[in-house]
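One structure is given below, encoded as structure tokens.
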């Protein structure tokens, strides 16, 4: 899962790390993926267990902590590389949120739940400020408007930090409790947000953590570092 190894594209333009199946960049990623063989019976264990969460859209005027908790629920748990990829290929990429405006899930009763956010958090840590592991910490917020950034670049930022976190290649990753991809495309000021949540920091400065995360997000498949996204630190 670690993404430190560079890939030689032999003079070709380095593709964005995207899993949006409707893009040429994804086709190139698939070609690379086809050269790597992982036997299904060889379970590659991750260092920790992780949980994918979703937050359903909350009606305007109903945004207290109780409503947030009622609209937030776990979708899947994984602790192997194979389980992660089986789930991740079913998850929407940021660029797909731009083109589809809003994603959702069809409930058993036939109602359609719109989704405001997808989250990846450590097992036994809920994606809420009130959780003991989040209390006293904060998050680094990266906000993107579609006319400011290429959608596939946002895919790369999101995939890089996710892979870096669960694969253990983020230097100060032990302080990160989870990630959120927040869909506000349909809002008055359309944007997507990537939030990196962290616990109370003890022996490092928050700016060190922010720099480490930004470097991880900006790493290209060929090993070079592109312009890092600018994040805003917010305390819980």
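Residue numbers (our numbering): 113 to 348.
Glycine included, C-beta positions come from ideal geometry on N, C-alpha and C.
Is it the case that the Cβ atoms of residue 226 and residue 256 are separated by a distance below 8 Å? no
Can you check whether the CB of residue 307 is closer than 8 Å to the CB of residue 235? no
Give the list of continuous alpha helix (DSSP H) stretches no shorter than 4 residues that lie fully inside the segment 247-311. 263-279
Can you look up residue 115 in the DSSP assignment and give me helix, strand or coil? Low confidence applies here, because residue 115 scores a pLDDT of 49, under 50, leaving its location unreliable; read the following figure in that light. Three-state result, residue 115: coil.
Cα-Cα, which of 339, 335, 330, 309 is closest to residue 345? 309
Beta-carbon proximity list for residue 128, same chain, < 7 Å, skipping 5 on both sides: 137, 264, 265, 267, 268
Best match in 319, 208, 280, 271 for proximity to residue 134 [C-alpha to C-alpha]: 208
So residue 289 and residue 325 are supposed to be a Cβ contact under 8 Å. How far apart are they, rounded? With a Cβ gap of about 13 Å, residue 289 and residue 325 do not count as contacting.
Return yes when the Cβ of residue 318 is within less than 8 Å of the Cβ of residue 233, no when it is not. no
Bridge partners of residue 58, per DSSP? Within the shown structure, residues of the chain are numbered from 113 to 348, placing residue 58 beyond reach of any answer.
Let me check one thing: in DSSP terms, what residues is residue 345 bridge-paired to? 252
Three or more C-beta pairs under 8 Å: does that hold for the segment 320-339 against the segment 293-301? no
Flag this pair as yes or no: are the beta carbons of residue 328 and residue 282 separated by less than 8 Å? yes
For residue 249 and residue 193, I'd like the C-alpha separation in whole angstroms. 29 Å
Below 8 Å between beta carbons: does that hold for residue 231 and residue 239? yes
Distance, residue 198 Cα to residue 132 Cα: 15 Å
What is the DSSP secondary structure of residue 160, reduced to helix, strand or coil? strand
Ordered along the chain, which non-local residues of its own chain (more than five positions away) have a Cβ less than 7 Å from that of residue 155? 192, 194
Who are the near neighbours of residue 229 in its chain, counting only those whose CB is closer than 6 Å to its CB and skipping five residues on each side? 167, 292, 294
Can you tell me whether residue 114 is buried or exposed, with buried defined as 16 or more other CB within 10 angstroms of its CB? Model confidence at residue 114 stands at a pLDDT of 48, short of 50, so the residue's coordinates are unreliable; what they give is reported in the following sentence. It counts as exposed.
Taking the straight line between their C-alpha atoms, what separation do you get for residue 126 and residue 279? 22 Å
Cutting at 7 Å between CB atoms, please list the residues of its own chain near residue 312, excluding the five before and the five after it. 248, 249
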